[in-house]
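Undergrad:
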Amino acid sequence: MAAKGPDLTDEARRKRSGLQHRVVMVDRESMMVDGVANVESFDDEEIILDTNAGVLTVTGHDLHIRQLNLEDGTIEIEGYVETCDYFDESPKKGRGLLGRLLR
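For what it's worth, the working numbering labels the leading residue of the sequence shown as 1, then goes sequentially.
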């Protein structure tokens, strides 16, 4: 029986795939992101993006998606950006009713 090779982590897969991920922020008022696969959710205080570098959560005030092109993997966001956080999976997954109510 042949030995099974090591499982690749998401990070290793991204490095092997050669996909580019770039975030450009201007004065915390506009943001351009490359390498976006999907927009998981958005409202005026939080935008959750599935990128080739992990799940990116952008929080702030008056956030708006100015432009989105999933074919090119690009998004432009306007509004005041407070935080940008990366997660290995969506922070909303597994959140129960109580967690959503207390948000």
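All C-beta atoms in this analysis are idealised placements derived from N, C-alpha and C, irrespective of residue type, glycine included.
Count the other C-beta atoms from every protein chain shown that fall within 10 angstroms of the C-beta of L70, then say buried if there are 16 or more, exposed otherwise.
TA: Classification of L70: exposed, given that the 10 Å Cβ count is below 16.
Undergrad: Using DSSP with H/G/I as helix, E/B as strand and the rest coil, what is A37?
TA: Correct three-state label for A37: strand.
Undergrad: Between the alpha carbons of R66 and D34, how many angstroms are there, rounded?
TA: R66 and D34: Cα-Cα distance of roughly 14 Å.
Undergrad: In the DSSP output, what is E46 paired with across the bridge?
TA: Its beta-bridge partners are T59.
Undergrad: Does the separation of the CB atoms of M32 and V81 fall below 8 Å?
TA: No, the pair does not count as a contact, with Cβ atoms beyond the cut-off.
Undergrad: Does DSSP put L68 in a helix, a strand or coil?
TA: In the structure shown, L68 sits in a strand (DSSP, three-state: E or B).
Undergrad: Could you give the first and the last residue of the continuous beta strand (DSSP E) run that contains R22?
TA: Residues R22 to V26.
Undergrad: Beta-carbon separation of K86 and G54 under 8 Å?
TA: It should be pointed out that residue 86 corresponds to Tyr in this sequence rather than to Lys. Going by C-beta atoms, Y86 is nearer than 8 Å to G54.
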